[in-house]
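A.B. asks:
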Amino acid sequence: MFRRRSVPVIANVIGPALAPMLIMAVAFFFGSYAQYVLGLVVVHCLIGAALVMIVGYTRVIMLAAGAMVAIGAYASAILMSRTGLPYLLTLPCAAFLGALGGIILAVPASRFRGHHLAMATMVFQVLVIIGIREWSELTGGALGLRAPPASIGALTITSDFASLVLIAAAAAPVVLVLAILLAGRFGKTLRAVSASELACDAFGVDITRMRIAAFAFSSAAIAFAGALLAPRVRILDPDSFDIVHSVIMLGYPIVGGMSNIWGGLVGGTVLQLAPELLRPVGRYQEIILAIFVIGVMLAMPGGLIGFAQALAPREQRDEVSRVTLAAPVLAPTGEEPASRPALSVFNIRKSYDALQAVDGVSLQIERGAIHGVIGPNGAGKTTLFNVISGFIAPDQGTIELFGTKVEAQPSRTRIAHGMTRTFQNVAIVGDLSCLDNVVIGLGENSIWQTTLSSFVEILGSLRNRERLAAAQAALAAVGLEQYALVPAGSLSLGNQRRLELARAIVSRPRLILLDEPVSGVSHEEEKRLGELLRSLNAQRAVTMLIIEHNIAFVRALCDTISVMAAGRLVAQGEFEAVIGLPVVRYHYFGDADAVRA
Amino acid sequence: MSELSQLPLLLLGGMRIGAIYALSAIGLVVIHKATRAVNFAHGAFIMLGCYGAYVGVERMQLPYWAVYLLVPLLVGAFAMALEFCFLRRLRSADAFSTVITTVFISVLLTELARLVFESDVLNVRSFITLPPILLRPIVLTWETVWIIGGALVCGILGAYVFARASIGRAMRAMAASMRGAQLCGYSVDAVHAQAWLLGGALAGLAGVFVAPRLGVSPELAFATIIPAFVAAILGGFDSLKGALLGGLLLGVVETLTAAYLSGALKNALSMLILLLVLLFKPEGLFPERRVRHV
Amino acid sequence: MPSALEVEGLSVLRLRIPVVHALSFALAQGASLALLGANGAGKTSTVEAVAGLLPKSAGSVRLHGRDISRLSASEVARNGLALVPQLRDLFPSFSVDETLQAALNAGAPRGRRQLQDIYELFPKLASRRDQAAGTLSGGEQQMLAIGRALATEPSVLLLDEPTSGLAAGVVSDLVGILRAIRGRGMTLLIVEQNISVAAAVADDCIVMATGRAVWRGAMSDAAESSEVRHAYFGAQLAS
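Residue numbers (my numbering), protein chains in the order written: chain U, 1277 to 1873; chain A, 1020 to 1313; chain V, 28 to 266.
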């Protein structure tokens, strides 16, 4: 059976969770001051791990980490001193408030990208610090707030080592949860969103909610870290959480590496320890940090972890999975009688300013057909395709998928109607394995489903095995079974197009839109892809709609074709009949008689 | 709390700081428009301008006009060198890398300044020390006149260079279509270098203007970047005219808030304005005429 | 006398896949050549590599005998080879006038005369000189893209599918303009899918398929050639 898990559990889940314990064990052999420092190191490890989720996986420049730490630290201290809540109970409260802060911060995340988003996080940071400074009855304002010492029951924890034990014991489970989320489907879906929002949208991922969830989880962990920090710093003052600290924390995942949780752990450790180790050159700490980060950006985009991985033998990369899977032959989905066409498009219009990109196109694709749409550049084929997939709302017209009207529904619901697509510029996630890329194509990509399945994967549940088996079978169907665990970005373009096909068929759709499936591939590969499409069509009874410039390819593959020119359909029917029509010749080829004359 | 009779004076004070915000924001927008880079080190450039003013005026005892000429040139050249050494290599990478690099360039410059000049606030004497003009009930200092007038003229001049002169046209062409600009014969390297030179020089100039008022310290790097960003975003981030108006508006609103409401609210208010604009009018209050890409 | 443009053994890779393979051709001063072929044949890659927008994996390009193979796109433009790219790459917010000024100013500063020349060639543009490029119709944008290329005072002009996506009436206007440009002695290389447009503008043609030249000859013979039909429509349809 399928024994391999899609998550390297020891390396990416158990290992990171043990890291705080390891630091604790090391501290055992050192003196009190070192134990104090290492306690702080564990806290910053946790912050680094949480930042990997936002900075590395969501690709947001997070300038509000300091504010999140402050929220957690102040919440814990205030709850203890005002309400007498036991310290341990303040930890989840701090995390909850952090999550709330993360959600408030992430609301703009749904609207912005890039530097606007970075600035929104900066605004949040500054507002939180101003709030703390001004609300002095509660927070002590600029004078600072005394944080009570940590206590468990009647036991007050004051010694440095006891504090370290408490911090490590509390941090380890949070790191574990983060590690599971990052290594599991939640993290993979986040990376997919950052790599190609278009592809994720087409396969049912709600991009906005996904980003908000990432902010919430990550901010909760950072605030939790803040609550761990509070009893250690004793006096909380707003300056120690200001934007400068946010910038330094931003450096954790960058210096450590953003591709997995280890980057945050290593970055947090290195940058927190550096000031101590650099004490002899005390005044140069930040300068060295800045040079370090700039150097990493320029020369070592993978951070320390990426650098170390590049040095280590590339075991996983070259390893070809030897999964022996009795690939279940997927039966064609049982359907109602083919009374309605697979796709029925009526009178679609779409214009951009003066340009009428699609001008009243109507089209019907019968079930099981392979239909090609051809036409010279600028004919409106891509716009038509994007309208059918739901990326562009038409100005006018209706679209029916297997008898259901879908033109008013967002693109991410298309998969539920049995329609998937591929992309002209392959939209795969280069740093995820082929198998993980295909799993995204299975749908079920809501936050709860991805979160839950991150945990379930670790346990290797039956449901998860089924999903992996389905993905593996889809890879086998396109001839990529031996590349299951290879990063998708290392495939040739032809194989990347196959991978997109595997992702498109894995949910057993009834209709696939293929956007220039052989553009840019070699001649031989073009032939093989054509054969593959034919066999998928025959075996799985899947209807195909293809846009392609390569007319020879269309001719060999398609049963019927439509020809578009200047936004309109100028001809439709069987290839040989259509291509001979004077009107098609004219649009494609120009007026041959005029040449002779 | 102030009386209403103070209003004209407050407006002038607001315009004084607003003019400097405007100048800072224009430099930020010039760099963004031409190169698509968002320069988080702009505050550090302004800080360098301040230290330049301090060294030139107080240490080297140079004539003030020479400082006004030299410092912007030096800061501009420095910005150009940074582009050449670091940012040029990141041009093919995503915007993420560029932003992070400028954030840490800012940290680097701030800390270098702290190393050389310590953290103390250094004072720079005013450009003009003539007795104030008395226009009852307003007492107008020459410094105010100079800053409002000088910074605005420089800002408008910078904007004019960008909008009308051929160097500005090259930058805007590069921003609109890099391939198109190359096909016209504009070199990407040269245009980016010019943009950083101009943007850096405007930041340096803003620093020289602001040095006598704020005092010179490493904190200026972060203190000045935020209003510069707010002003630029108020203007839509791609409009020089918008940045100019955004800077003035921010300065006046801040000053009035501090006077009539509370000083603490001042900082929060600019942040709130920024957030509201980001949320509800991301194209800015004074956007450029937008033309759809074809 | 050296050829106006001489391309020798040009190869281009895209994503490690060869899209142009050892292509050679030469254009005498004032000559005009069409590159024909179906999409994906490598025509666009060819002209973009010649203009310096795409790196060449092998081969040389000489302009009036001078090697320009290693120059950047902007240097190629300043040396007198202009490309009108397929997607036009205009500056949407620039007015017509400003677009042309931008191209005129890129090299040595020149005056009003060239601008006047261009407006004579494109009377339609003259009437819209203050309108933003992004708001022009498709045909007008194409004219502006050609005008912009001419404003750099090229000795060789490359056109990449100038008629794609345009209505028939606009196409015939454009053909007239291209013939006029030819008539002024410009050396032309035109990439076209539309064979009648190519025939109206060019004397000779090269038909490309999968990155190679599969047929060369006079434009007037091209429409009859089975290789041409094969390149466009695939296998047995050549009859």
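C-beta: ideal position from N, C-alpha, C; glycine also.
From the beta carbon of U/N1771, is the nearest beta carbon of chain V less than 9 Å away?
C.D. replies: Using beta-carbon distances, U/N1771 does not count as an interface residue toward chain V, since no partner is under 9 Å.
A.B. asks: In the DSSP assignment, the alpha helix (DSSP H) including A/F1064 goes from what residue to what residue?
C.D. replies: 1061-1072
A.B. asks: So for U/G1307, helix, strand or coil by DSSP?
C.D. replies: coil
A.B. asks: Opposite U/S1838 in the DSSP bridges: which residues?
C.D. replies: U/V1649, U/Q1848
A.B. asks: Would you mind giving the Cβ-Cβ distance between V/R41 and U/G1796, rounded to the nearest angstrom? I have them listed as a contact below 8 Å.
C.D. replies: That pair is a contact at about 7 Å.
A.B. asks: From U/R1422 to U/A1353, what does the alpha carbon distance come to, in whole angstroms?
C.D. replies: 8 Å
A.B. asks: Rounding to the nearest angstrom, what Cα-Cα distance links V/V46 and V/G238 in this structure?
C.D. replies: In this structure, the alpha-carbon of V/V46 lies about 5 Å from that of V/G238.
A.B. asks: List the whole-angstrom C-beta distance separating V/I183 from V/L98, where the pair is believed to meet the contact cut-off of C-beta under 8 Å.
C.D. replies: Checking the sequence, you will find Val at residue 183 of chain V rather than Ile. Between V/L98 and V/V183 the Cβ distance is about 14 Å, and since that is not below 8 Å, they are no contact.
A.B. asks: If you reduce the DSSP assignment to three classes, tell me which class A/G1303 lands in.
C.D. replies: In this structure, A/G1303 counts as coil in the three-state DSSP scheme.
A.B. asks: Less than 9 Å between the C-beta atoms of V/T214 and V/A160, yes or no?
C.D. replies: no
A.B. asks: Buried or exposed for U/A1873, please, with buried defined as at least 16 other CB atoms from any protein chain shown within 10 angstroms of its CB.
C.D. replies: Note on U/A1873: pLDDT 44, under 50, position unreliable in the model; no value is reported.
A.B. asks: Indicate whether U/L1756 and U/V1715 have their beta-carbon atoms separated by less than 9 Å.
C.D. replies: no
A.B. asks: Check whether the Cβ atoms of U/G1706 and U/A1750 lie closer than 9 Å to each other.
C.D. replies: One thing to note: U/G1706 has its Cβ no nearer than 9 Å to the Cβ of U/A1750.
A.B. asks: Decide if the segment 1314-1321 of chain U is in contact with the segment 1291-1302 of chain U; the criterion is three or more beta carbon pairs, one per stretch, under 8 Å apart.
C.D. replies: yes
A.B. asks: Can you check whether the C-beta of A/V1049 is within less than 9 Å of a C-beta belonging to chain U?
C.D. replies: no
A.B. asks: Measuring CA to CA, which of V/G86, V/S72, V/S84, V/M170 is closest to V/K151?
C.D. replies: Between V/K151 and the set V/G86, V/S72, V/S84, V/M170, the nearest pair of CA atoms involves V/M170.
A.B. asks: Roughly how many angstroms separate the alpha carbons of V/A55 and U/L1587, rounded to a whole number?
C.D. replies: Rounded to the nearest whole angstrom, the C-alpha separation of V/A55 and U/L1587 is 55 Å.
A.B. asks: How many Å lie between V/R243 and V/S51 at the Cα?
C.D. replies: Between the alpha carbons of V/R243 and V/S51 lies a gap of roughly 11 Å.
A.B. asks: On the three-state DSSP scale, how would you describe A/R1155?
C.D. replies: coil
A.B. asks: Assign U/S1597 to one of two classes, buried (16 or more other C-beta atoms within 10 Å of its C-beta) or exposed (fewer than that).
C.D. replies: Because U/S1597 carries a pLDDT of 39, less than 50, the predicted location of this residue cannot be relied on, and no value is offered for it.
A.B. asks: Taking the C-alpha atoms as reference points, what is the distance between U/M1695 and U/L1677?
C.D. replies: 8 Å
A.B. asks: In chain V, which residues lie with their C-beta within 7 Å of the C-beta of A/Y1205?
C.D. replies: S101, A133
A.B. asks: Kindly say whether V/S164, judged by its beta-carbon, lies nearer than 9 Å to any beta-carbon of chain U.
C.D. replies: yes
A.B. asks: Mind checking whether U/A1394 and U/L1339 have CB atoms under 9 Å apart?
C.D. replies: yes
A.B. asks: CB-CB under 8 Å to V/S122, same chain, minus the five flanking residues each way: which ones, in chain order?
C.D. replies: Around V/S122: R156, D157, Q158, A159, A160.
A.B. asks: Using a Cβ cut-off of 9 Å (strictly closer), state whether A/D1139 contacts chain U.
C.D. replies: no
A.B. asks: Can you confirm whether A/P1246, when its beta carbon is compared against all beta carbons of chain U, has any partner nearer than 9 Å?
C.D. replies: no
A.B. asks: Which residues in chain U sit within 7 Å of V/E254, going by Cβ to Cβ distance?
C.D. replies: The contacting residues do not exist; V/E254 stays about 13 Å from chain U at best.
A.B. asks: Closest by CA to V/E251, which one among V/S223, V/L80, V/S199?
C.D. replies: Checked all of V/S223, V/L80, V/S199; the closest Cα to V/E251 is V/S223.
A.B. asks: Given a limit of 7 Å on CB to CB distance, which residues of the segment 191-216 of chain V reach chain U?
C.D. replies: Cβ contacts with chain U: S191, G192, A194.
A.B. asks: Beta-carbon within less than 8 Å of V/L148's beta-carbon, same chain only, minus the 5 sequence neighbours each way: which residues are those?
C.D. replies: Excluding residues within five positions, the ones whose Cβ falls inside 8 Å are G174, L177, I204, A207, I208.
A.B. asks: For A/L1221, name the three-state secondary structure that DSSP assigns.
C.D. replies: helix
A.B. asks: Under the assumption that A/G1219 contacts A/A1041 (Cβ atoms under 8 Å), give the Cβ distance between them as a whole number of angstroms.
C.D. replies: 17 Å between Cβ atoms; not a contact.
A.B. asks: Would you list, in chain order, the members of the segment 1393-1405 of chain U that have their beta-carbon closer than 7 Å to a beta-carbon of chain A?
C.D. replies: Answer in chain order: A1394, M1395, A1396, V1399, V1402, L1403.
A.B. asks: Could you tell me whether the Cβ atoms of A/G1254 and A/L1092 are closer together than 9 Å?
C.D. replies: no
A.B. asks: Expressed to the nearest angstrom, what Euclidean distance is found between the alpha-carbon atoms of U/A1506 and A/Q1213?
C.D. replies: 48 Å
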